[in-house]
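So the sequence lines, in the order shown, correspond to chains A and B. Going by the working numbering, the letters in the first sequence line up with residues 1 to 104, in that order. Going by the working numbering, the letters in the second sequence line up with residues 1001 to 1104, in that order.
2 protein chains.
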Amino acid sequence: MTDIEKRKYDELARISKALAHATRLYIIHKLDEQEYCVKELTEMIGADISTVSKHLTVLKNAGIIIDKKRGNCVYYKLQCRCVLSMFSCLTNVIDSNKDKMNFT
Amino acid sequence: MTDIEKRKYDELARISKALAHATRLYIIHKLDEQEYCVKELTEMIGADISTVSKHLTVLKNAGIIIDKKRGNCVYYKLQCRCVLSMFSCLTNVIDSNKDKMNFT
DNA sequence: ACGTTGTTTGGCTATTTGACCAAATAGGCA
DNA sequence: TGCCTATTTGGTCAAATAGCCAAACAACGT
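Okay, here's the thing in structure tokens:
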């Protein structure tokens, strides 16, 4: 693996690491519907608000979501909807596994 | 998050965790070209062979690659090429970040 | 200015992950 | 059988991750 390649795959991994958590995938799914503030997401998720805030920071640092302060609250929304295609990718893998199972 | 949802996102996360490593993304990329055995991949990657073997196990458990013993060697290949679309997803996010940068 | 609500940050602990080495295992082939 | 090559497994250690709590911040309304 050359240095160039190394850097390229590190960068790709940086994004995919941000996606590698059930809560963060859930957040992305929710933010696809509409914007939500931290408190609202926290209620839906059912974890400590500081935990949710940190997950949101991870997604923001990966450039997947973006925040916007409005009044008292910080609203988050998807920065690029292209991450949604990730869901179909993941689902494809899962389904394809199931298919393979059936042959055995 | 309902129990059903919890289980769904855990499952999606299970796959995305398997993708969340530069070396594993590199392996996927390489296996897209052709089958390779552990030793060959190890040489390309430049890590300990046991490390590479473990990465391959992770990918195999996620149903992303599949192994096939031939003679003395274990060859790995992509189980479902649909993971390749993951690369364009990740690249999209990165590019979209770059685009956003340019506006600031 | 003060209290209230919403959010982030820092600190701590527990768990998971990734790397290497050494040892065990598996399959050819002499 | 015994050696050799290829691969996996187990152990250990360091680093990263995720969770919660408490404290700090920020912005609103009184």
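Beta carbons: idealized from backbone N, C-alpha and C, even for Gly.
Need the endpoints of the alpha helix (DSSP H) that residue 4 of chain A sits in, please.
3-19
Judging by CA-CA distance, which residue of B/1009, B/1008, B/1016 is the nearest neighbour of residue 1061 of chain B?
B/1016
Per DSSP, which residues does residue 1075 of chain B bridge with? Please list them.
B/1037, B/1068
Can you name the residues of chain B whose CB is closer than 7 Å to the CB of residue 17 of chain A?
Near residue 17 of chain A (Cβ distances below 7 Å), the residues of chain B are 1020.
Per DSSP, what kind of secondary structure is residue 990 of chain B in: helix, strand or coil?
Nothing can be reported for residue 990 of chain B, as the shown portion of chain B is limited to 1001 through 1104.
So, is the C-beta of residue 1031 of chain B closer than 8 Å to a C-beta in chain A?
With a threshold of 8 Å between beta carbons, residue 1031 of chain B makes no contact with chain A.
In terms of alpha-carbon separation, which member of B/1083, B/1098, B/1097 lies closest to residue 165 of chain A?
It is not possible to answer for residue 165 of chain A, since the shown part of chain A is limited to 1 through 104.
Of all Cβ atoms in chain B, is any one closer than 8 Å to the Cβ of residue 58 of chain A?
Taking 8 Å as the threshold, the shortest C-beta distance from residue 58 of chain A to chain B does not fall below it.
Report the neighbours of residue 1045 of chain B on chain A: residues whose CB is nearer than 8 Å to its CB, in chain order.
1
Put residue 1022 of chain B into one of helix, strand or coil per three-state DSSP.
helix
For the structure I just gave you, are there three or more beta carbon pairs, one from the stretch 55-71 of chain A and one from the stretch 1059-1074 of chain B, closer than 8 Å?
no
Comparing alpha-carbon positions, which option in B/1018, B/1026, B/1013, B/1033 lies nearest residue 7 of chain A?
B/1026
From residue 1066 of chain B to residue 1077 of chain B, what distance separates their C-alpha atoms?
6 Å
So, for residue 104 of chain A: in the same chain, excluding its five sequence neighbours on each side, which residues have a beta-carbon less than 8 Å away from its beta-carbon?
Below a pLDDT of 50, predicted positions are generally treated as unreliable, and residue 104 of chain A, at 49, falls in that range; no measurement from the model is reported.
Give a yes or no on whether 8 Å exceeds the smallest Cβ distance from residue 1097 of chain B to chain A.
Yes, contact with chain A.
Please report whether the beta-carbon of residue 76 of chain A lies at a distance below 8 Å from any beta-carbon of chain B.
no
Using C-beta distances below 7 Å, list every residue in its chain close to residue 1045 of chain B, excluding the 5 sequence neighbours before and after it, in chain order.
1023, 1026, 1052
Taking 8 Å as the CB-CB cut-off, is residue 1035 of chain B touching chain A?
no
Considering Cα atoms alone, identify which of A/97, A/11, A/38 is closest to residue 1079 of chain B.
Each of A/97, A/11, A/38 was checked against the Cα of residue 1079 of chain B, and the nearest Cα belongs to A/97.
Residue 64 of chain A versus chain B: which residues are under 7 Å apart at the beta carbon?
1093
Please check if any C-beta of chain B sits within less than 8 Å of the C-beta of residue 86 of chain A.
Yes, residue 86 of chain A lies at the interface with chain B (some Cβ there is under 8 Å from its Cβ).
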